[in-house]
Amino acid sequence: KTSNVPGLDIIPAIVDLSAAEIELAEIERREFRLSDALKPAISAYEYVIIDCPPSLGLLTVNALCAADRVLVPLQCEFYALEGLSQLMRTIGSVQAELNQNLTMQGIVLTMYDGRNRLSEQVANDVRTHLGNLVYNTVIPRNVRVSEAPSFGQPVLMYDLNCTGSQAYIALAAELLNQEKEAA
Numbered sequence: 006k007t008s009n010v011p012g013l014d015i016i017p018a019i020v021d022l023s024a025a026e027i028e029l030a031e032i033e034r035r036e037f038r039l040s041d042a043l044k045p046a047i048s049a050y051e052y053v054i055i056d057c058p059p060s061l062g063l064l065t066v067n068a069l070c071a072a073d074r075v076l077v078p079l080q081c082e083f084y085a086l087e088g089l090s091q092l093m094r095t096i097g098s099v100q101a102e103l104n105q106n107l108t109m110q111g112i113v114l115t116m117y118d119g120r121n122r123l124s125e126q127v128a129n130d131v132r133t134h135l136g137n138l139v140y141n142t143v144i145p146r147n148v149r150v151s152e153a154p155s156f157g158q159p160v161l162m163y164d165l166n167c168t169g170s171q172a173y174i175a176l177a178a179e180l181l182n183q184e185k186e187a188a
């Protein structure tokens, strides 16, 4: 589906996707259904970004099998650390058994609130344990970022100058710089 952003196509999730996990359980090569579906179109795009729900079910495993890199947004909240360790184990299993080409792109700290000690503690813990995997750019908790979806817009179109938009622009620059250095 073509978006109102030039060069950006979007395939949105649908409500029926929630039943797909149950249906996939019965299908041969169930972990590779998304990968197989993307193959015919993949060459038409420079990047394909698969946004996954915060779960580690068969839909997420499909995304990991279709991907070559994983970029993890991590909320600066207590339970996110537990979820991150489970995700890292799942990524390790997928790498070992299903997709040897899968690599960890990095971790982006999100919903960071500088007024909250917990945000700082989570950020420090993640940086201590995962070092260079954690991007320097931190996405702050920002009202405009929260409001944008209710207006059907990405935050950069909703309010380009808000701190959330500026953080996402900085993250994009950091990602592109990382990509140049790797080339």
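The sequence shown begins at 6 in my numbering and counts up by one. Don't be surprised by glycine CBs; every beta carbon is placed ideally from N, CA and C.
Can you check which of these residues, the options, is closest to residue i by C-alpha distance?
{"i": "residue 101", "options": "50, 69, 186, 79", "result": "69"}
{"i": "residue 81", "options": "126, 48, 17, 60", "result": "126"}
{"i": "residue 106", "options": "37, 72, 50", "result": "72"}
{"i": "residue 13", "options": "22, 51, 33", "result": "51"}
{"i": "residue 111", "options": "28, 75, 22", "result": "75"}
{"i": "residue 153", "options": "169, 143, 141", "result": "169"}
{"i": "residue 77", "options": "83, 98, 108", "result": "108"}
{"i": "residue 18", "options": "64, 163, 96", "result": "64"}
{"i": "residue 8", "options": "158, 89, 184, 166", "result": "158"}
{"i": "residue 16", "options": "36, 57, 37", "result": "57"}
{"i": "residue 37", "options": "67, 115, 145", "result": "67"}
{"i": "residue 115", "options": "22, 162, 176", "result": "176"}
{"i": "residue 150", "options": "161, 141, 92, 137", "result": "161"}
{"i": "residue 134", "options": "22, 166, 181, 89", "result": "89"}
{"i": "residue 95", "options": "128, 182, 121, 59", "result": "59"}
First and last residue of the alpha helix (DSSP H) that includes residue i?
{"i": "residue 48", "result": "Counting along the chain, residue 48 falls outside any alpha helix (DSSP H), and DSSP gives it neither H nor E."}
{"i": "residue 27", "result": "22-29"}
{"i": "residue 179", "result": "168-187"}
{"i": "residue 215", "result": "Because the chain in this structure spans residues 6 to 188, residue 215 falls outside the shown range and cannot be described."}
Give me the DSSP bridge partner(s) of residue i.
{"i": "residue 14", "result": "7"}
Can you list, in chain order, the residues of its chain with a C-beta nearer than 7 Å to that of residue i? Leave out the 5 residues immediately preceding and following it.
{"i": "residue 62", "result": "26"}
{"i": "residue 53", "result": "43, 47"}
{"i": "residue 132", "result": "139"}
{"i": "residue 104", "result": "69, 70"}
Please check if any C-beta of chain C sits within less than 8 Å of the C-beta of residue i.
{"i": "residue 130", "result": "Within the model displayed, chain C is absent; a lone protein chain is all it includes."}
For residue i, which residues from the same chain have a beta carbon less than 6 Å from its beta carbon, with the 5 sequence-adjacent residues on both sides left out?
{"i": "residue 40", "result": "70, 71"}
{"i": "residue 124", "result": "81, 117, 118"}
{"i": "residue 121", "result": "none"}
Just to confirm my understanding: we take residue i, look at its own chain, exclude 5 residues before and 5 after, and list those with CB closer than 8 Å. What are they?
{"i": "residue 55", "result": "39, 68, 71, 72"}
{"i": "residue 141", "result": "179"}
| query | What are the uninterrupted segments assigned as alpha helix (DSSP H) that are 4 or more residues long and contained completely in the region 69-153, given in chain order? | reply | 83-102, 122-135, 148-152
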